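*Asks:*
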Amino acid sequence: MNPQTINRASGAGIGLLIVSVIFAVLAVAVKLFVTVPALDADRAAVLSKALAEIRASENISLNNAGWIDQSRGIVRLPIETAVQLAARAWQNPASARADLTARAEKAAAPAPKAPEKPSAFE
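This is the structure in structure tokens:
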């Protein structure tokens, strides 16, 4: 073997060693920093309380009517009430389509006005 072939082989070996070390360091870092802490009794109690609060809040939102945006006339309704209102409204399809179009136009935000002069970045 000539010295040039030996240098290439040792260079490839060193490169492979460096890549392996980098991979090992990254694997250890991922294991240390991404591992979820164990679920002990205290943490389980905190998470259970938070879940109960979220469910209570969602239950209130799902089962009670309320304003989402009063200025635009957007209301939150329980699903059963919304289904009954929709069924009653769509007994006359032409009237329901006209009402739906009018409410959609009222609820949609107006498009922004075009600038009078173009931006310097255009």
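The numbering used here puts the first residue of the sequence shown at 289, with every later residue one more than the last. A virtual CB, placed ideally from N, CA and C, is assigned to each residue, including glycine. This one's a predicted model, so the numbers in the text were calculated from it and none came from an experiment.
Terminal residues of the continuous alpha helix (DSSP H) containing Asp-357?
*Replies:* Segment 354-357 is the beta strand (DSSP E) holding Asp-357; no alpha helix (DSSP H) there.
*Asks:* Counting along the chain, where does the beta strand (DSSP E) carrying Val-334 start and finish?
*Replies:* No beta strand (DSSP E) holds Val-334; the alpha helix (DSSP H) holding it covers 329-351.
*Asks:* Pick helix, strand or coil for Val-322, following the three-state DSSP scheme.
*Replies:* In the structure shown, Val-322 sits in a helix (DSSP, three-state: H, G or I).
*Asks:* Look at the alpha carbon of Gln-372 and the alpha carbon of Asp-357, and state the distance between them as a whole number of angstroms.
*Replies:* 22 Å
*Asks:* Closer than 7 Å by C-beta to Ala-384: which residues in its own chain qualify, once you throw out the five before and the five after it? Chain order, please.
*Replies:* Ala-377, Trp-378
*Asks:* Looking only at C-alpha atoms, which of Pro-381, Pro-325, Asn-352, Gly-299 sits nearest to Ile-367?
*Replies:* Asn-352
*Asks:* Just confirm the distance between the C-beta atoms of Ser-349 and Arg-360, as a whole number of angstroms; I'd bet it's less than 8 Å.
*Replies:* In fact, because the Cβ distance is near 19 Å, the residues do not count as touching under 8 Å.
*Asks:* Pick from Val-324, Ile-362, Ala-344, Ile-302: whose alpha carbon is nearest that of Ala-392?
*Replies:* Ile-362
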